[in-house]
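Engineer:
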Amino acid sequence: MTSNESPSAAHFALARAVVELEEHVSTRGWDGPTSVFALVRTADALANDPSLAQLLPTQVVQDAQQDPQLLMSIEQDGLPEAVDLEDLLAQLAWPAEVDGAALSVERSVLPPQAEQAAGAISDDDERLAFLANHPEREDVRMVVGVLRGGESWCALRMRSHDEPTQVVQGSDLVPGLVAALKATLV
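Below you can see the structure in the form of structure tokens.
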């Protein structure tokens, strides 16, 4: 989406789903594992399996009748073993019935000068201790969602500003993660 375009209904639905996922994941507290979610249009899921309506809150079923773009998130259990996030994403592929994907991941960020100083430390354990205890370290939870149509939405929460009103949102706040997640939908 360019700055001159209005967001589509699908983009609004994705933003809503990502915000709801961020709120859900935040209830688990910090230092959690990476979580991956399939995103499916609720109306399509209900059309394919009407008995699903018995499992969903009444309001969700009503919302899906009003908004065909409404997404439901399905957390994926039993993720494949992976050495890192890049390796995990490289192993994911989604069937055509899945309209999008989302993930939640936590990372620590440091100012560039601290990263440079860490790079100069040759001992791995010493470098990790330096990074973990640096006073300017900031823990960030990133929830990123993408749709097959190319839409993306991100929600970022800092541990130092751990309030729902302090969550930063936007289409492309974590471009590398957005691109990697989009690649799982091909």
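So the sequence shown is numbered by my numbering: it starts at 39 and just counts up by one.
C-beta atoms are modelled at their ideal positions from N, C-alpha and C, and glycine is treated no differently.
I need the straight-line Cα distance from His62 to Glu113, nearest angstrom please.
Structural biologist: Straight-line Cα distance between these residues: approximately 11 Å.
Engineer: Assuming contact is defined by CB atoms lying nearer than 9 Å, are Val147 and Val178 in contact in what I supplied?
Structural biologist: A contact, by the Cβ cut-off of 9 Å.
Engineer: Kindly give me the distance between the Cβ atoms of Gln195 and Val205, rounded to whole angstroms, as I take these residues to be in contact under 8 Å.
Structural biologist: Per the sequence presented here, residue 195 reads as Arg, with Gln not at that position. Going by Cβ atoms, the distance from Arg195 to Val205 rounds to 5 Å, so yes, they are a contact pair.
Engineer: Classify Glu79: buried if its beta carbon has 16 or more other beta carbons within 10 angstroms, exposed otherwise.
Structural biologist: Sequence check: residue 79 is Arg here, not Glu. It is buried - the Cβ of Arg79 has at least 16 other Cβ atoms within 10 Å.
Engineer: For Ala193, which three-state DSSP category applies?
Structural biologist: In the structure shown, Ala193 sits in a strand (DSSP, three-state: E or B).
Engineer: Compare the Cα-Cα distances from Arg186 to each of Pro118, Phe50 and Ala134 and report the closest residue.
Structural biologist: Checking every option, the nearest Cα to that of Arg186 belongs to Ala134.
Engineer: Relative to the C-alpha of Glu153, which candidate in Ser142, His172 and Pro106 has its C-alpha closest?
Structural biologist: Ranking Ser142, His172 and Pro106 by Cα distance to Glu153 puts His172 first.
Engineer: Taking 8 Å as the limit between beta carbons, can you name the residues of its chain near Gln207, skipping five residues before and five after?
Structural biologist: Only Ala53, Val56, Val57, Trp191, Cys192, Ala193 and Leu194 meet the Cβ criterion.
Engineer: Determine, using beta-carbon pairs with one atom in the segment 136-146 and one in the segment 59-78, whether at least three such pairs fall under 8 Å.
Structural biologist: Result yes; three or more Cβ-Cβ pairs closer than 8 Å.
Engineer: The beta strand (DSSP E) with Gly138 in it runs from where to where?
Structural biologist: That run of the beta strand (DSSP E) goes Gly138 to Val147.
Engineer: Measure the C-alpha to C-alpha separation of Gln100 and Glu176 and round it to an integer number of angstroms.
Structural biologist: If you take the alpha carbons of Gln100 and Glu176, they lie about 40 Å apart.
Engineer: Alpha carbon to alpha carbon, how far is Ser209 from Phe168?
Structural biologist: So the two alpha carbons sit approximately 33 Å from each other.
Engineer: Are the Cβ atoms of Leu109 and Gly138 separated by less than 9 Å?
Structural biologist: Cβ atoms of Leu109 and Gly138: closer than 9 Å.
Engineer: Helix, strand or coil for Leu166, going by three-state DSSP, please let me know.
Structural biologist: Helix at Leu166.
Engineer: On the DSSP letters alone, give me the boundaries of the beta strand (DSSP E) that Asp177 sits inside.
Structural biologist: Per DSSP, Asp177 belongs to the beta strand (DSSP E) from Glu176 to Leu185.
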